[in-house]
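Take a look at the structure below.
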Amino acid sequence: MLQENIRSGISFVVLILLQFLLFSNINLMGMINPFVYLLFVIRFRLDANQSLFIVLCFFLGLFIDLILGTAGAHTIATLTIGFLRPLIVGFSFGVNADIPYAMVKGTRIANQLTYLGLIISLHSILYYTIQYFDWSAFLSIIKNALFSTIFTFILIWLILGFYKPK
Amino acid sequence: MQQIINAILKNRNFFIYLLLLIFSLLFLQKKSPYHQSTIRNISLTLSGNLLDFRNSYQSYFQLREVNKQLMRQNQQLQSLLIQGSQTAPNDSTSGPTKPDIELISARIVQNSIDGVRNFMIVDKGVENNVTTEMGVISDDGIVGVIDQTNQRYASVVSLLHRDLKINAKLKNNNAFGSLYWMGIQPNKMVLSDIPTINPISIGDTVVTGGMSAYFPKDLPIGKVSKYTILPSKRYYEIEVILFTNFSALDHVYIVRNFDKPLLDQLKK
Chain E
348 MLQENIRSGI SFVVLILLQF LLFSNINLMG MINPFVYLLF VIRFRLDANQ SLFIVLCFFL
408 GLFIDLILGT AGAHTIATLT IGFLRPLIVG FSFGVNADIP YAMVKGTRIA NQLTYLGLII
468 SLHSILYYTI QYFDWSAFLS IIKNALFSTI FTFILIWLIL GFYKPK
Chain V
231 MQQIINAILK NRNFFIYLLL LIFSLLFLQK KSPYHQSTIR NISLTLSGNL LDFRNSYQSY
291 FQLREVNKQL MRQNQQLQSL LIQGSQTAPN DSTSGPTKPD IELISARIVQ NSIDGVRNFM
351 IVDKGVENNV TTEMGVISDD GIVGVIDQTN QRYASVVSLL HRDLKINAKL KNNNAFGSLY
411 WMGIQPNKMV LSDIPTINPI SIGDTVVTGG MSAYFPKDLP IGKVSKYTIL PSKRYYEIEV
471 ILFTNFSALD HVYIVRNFDK PLLDQLKK
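These protein sequences, in sequence, are chains E and V. Per this note's numbering, the first sequence starts with residue 348, numbered consecutively. Per this note's numbering, the second sequence starts with residue 231, numbered consecutively.
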């Protein structure tokens, strides 16, 4: 358990740093960057204390925001994803929702894809909605959210492939 | 209290989320000028709409009071207007004189426009100094003449009554004629007996002539919409569109002419 916590802590810090130093400088098509720090949300234990998880998500978004200077968009998006994660897990895994980790061998690939897709796409939509904060930019929000979802999804899938949890 | 705490504890994730969300929104609002102005704009719209809503229903409940107030004001203004038009500019020598006209505001409680001899009933009677043969006017023009009265109500012969003839004139050239209703459309009357030596054009205003004691002179009646010259070539027959919408009358004023008894005396 202690080892688990330490690993979570390290990944928390490392992901923020990676996001800042690497992934936020890609600027695909001008402004599309993958939100790889979502790996923390995706890989965090499903059976952990939900209240703690929400607070952690909040701080994750807050640090990203503070470092990238994006006001509160990451905070709100990540916080909301953290709050909604039990629902997403329930929806994606159905009766098998009481597993300790989402992305492990043994769960069906379709369930994993749903889980991943939902978290990333919801986060992107929220993020760009808050960034634009203007209904007349609806098409831009959808377009950006779509591209960033695809980009993030591919990257996270690749990283998870390299780093398979036991 | 215990139950409230239990409920909060049960939904603690939601409350944590809500708290942190509010914090993030504050953060967002604080950090980004764009969001700050947008959020301020949203709050302005919200409070504006709410205030609008509040005002609209508050004013709805005040309508009765406002109506009364407006009626009083209108009454004063109308009488001032009428008195002003009655006083020729050169007879202002005698200083302030006793007003010769008073308006009594009234509400129509019953009104008909579908007969050939139409009457109305107004909610003022002898109690309010209303007597027979007083003129009745509205904000737009003349309405009729008081026919019968009792303590609290009075019946009015509507302009839309075939037997009523009103003394009227063309505003442009003061040519007199008499106005009556043909009994067909509730917004059209006929002005006859205007000699053809007077020029006339469509759109000319028709006002009261002031020859009768019912109405003060120069009260608006309607507009010329059509005219023909009678076969005798001596008089016009003029169709007049009324200013008063008889189907939507609500408030009227009864004209009390203080000089009327004197005039009646002379006529006898």
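Where is the CB? At the ideal position from N, CA and C, for every residue including glycine. Keep in mind it's a predicted model, so treat the numbers as computed, not measured.
Next on the checklist: I want to know whether the segment 454 to 464 of chain V touches the segment 424 to 442 of chain V - three or more CB-CB distances under 8 Å.
Outcome noted: yes
Checklist entry - Cβ of residue 246(V) less than 8 Å from any chain E Cβ? => result Against the second sequence, residue 246(V) aligns to sequence position 16. For residue 246(V), the answer is yes, since a Cβ of chain E falls inside 8 Å of its Cβ.
Item to check | Length of the line joining the Cα atoms of residue 496(V) and residue 443(V) | outcome: To locate residue 496(V), count along the second sequence from 1; it is residue 266. To locate residue 443(V), count along the second sequence from 1; it is residue 213. So the alpha carbons of these two residues sit roughly 12 Å apart.
Checklist entry - Out of curiosity, what's the CA-to-CA distance linking residue 469(E) and residue 286(V)? => result As a working note, residue 469(E) is residue 122 in the first sequence. As a working note, residue 286(V) is residue 56 in the second sequence. The alpha-carbon atoms of residue 469(E) and residue 286(V) are separated by roughly 40 Å.
Checklist entry - What are the residues that DSSP puts in a beta bridge with residue 433(E)? => result Translated into the one-based positions of the first sequence, residue 433(E) becomes position 86. DSSP, once it has assigned bridges, lists no residue as partnering residue 433(E).
Checklist entry - If we ignore side chains and look at the alpha-carbon of each, how far apart do residue 353(E) and residue 410(E) end up? => result Stepping through the first sequence from its first residue, residue 353(E) is reached at position 6. Stepping through the first sequence from its first residue, residue 410(E) is reached at position 63. Each residue's alpha carbon lies about 19 Å from the other.
Item to check | Cutoff 8 Å: residue 395(E) Cβ touching any chain V Cβ | outcome: The residue given as residue 395(E) occupies position 48 in the first sequence. Closer than 8 Å: no.
Checklist entry - When the cut-off is 8 Å and only beta carbons count, does residue 261(V) lie next to chain E? => result In the second sequence, the residue the question calls residue 261(V) occupies position 31. Yes, contact with chain E.
Next on the checklist: Using the three-state DSSP reduction, which class does residue 499(V) fall into: helix, strand or coil?
Outcome noted: The requested residue 499(V) is not part of the displayed model; chain V covers only 231 to 498.
Next on the checklist: Within a Cβ cutoff of 8 Å, which residues of the same chain sit near residue 494(E), ignoring the five residues on either side of it in sequence?
Outcome noted: Within the first sequence, the letter at position 147 stands for residue 494(E). Cβ neighbours of residue 494(E) beyond the five flanking positions: 375, 376, 379.
Checklist entry - Are three or more beta carbon pairs between the segment 264 to 272 of chain V and the segment 296 to 305 of chain V nearer than 8 Å? => result no
Checklist entry - Going by the CB atoms, is the gap between residue 293(V) and residue 483(V) shorter than 8 Å? => result Residue 483(V) sits at position 253 when you count from the first residue of the second sequence. Residue 293(V) sits at position 63 when you count from the first residue of the second sequence. No, they are not a contact pair.
Next on the checklist: Any beta carbon from chain V within less than 8 Å of residue 401(E)'s own beta carbon?
Outcome noted: Position 54 of the first sequence, counted from the first residue, corresponds to residue 401(E). Chain V, which has a Cβ nearer than 8 Å to the Cβ of residue 401(E), makes this yes.
Next on the checklist: So residue 398(E) contacts chain V; which residues on that side make the cut at Cβ distance below 7 Å?
Outcome noted: As a working mapping, residue 398(E) is identified with position 51 in the first sequence. Those within 7 Å of residue 398(E) in chain V are 242, 243, 246.
Next on the checklist: Using a 10 Å radius around the Cβ and a threshold of 16 neighbouring Cβ atoms, would you call residue 485(V) buried or exposed?
Outcome noted: What you label residue 485(V) is simply residue 255 of the second sequence in a count that begins at 1. Counting Cβ neighbours within 10 Å, residue 485(V) comes out buried, since at least 16 surround it.
Next on the checklist: In this structure, how does DSSP classify residue 360(V) when only helix, strand and coil are distinguished?
Outcome noted: Taking the second sequence and counting its residues from 1, the one referred to as residue 360(V) is at position 130. Coil.
Checklist entry - Can you find at least 3 beta carbon pairs, one from the segment 422 to 440 of chain E and one from the segment 456 to 468 of chain E, that sit closer than 8 Å? => result yes
Item to check | Within chain V, the residues that residue 461(E) reaches when beta carbons sit closer than 9 Å | outcome: The count along the first sequence starts at 1 and reaches residue 461(E) at position 114. The contacting residues do not exist; residue 461(E) stays about 22 Å from chain V at best.
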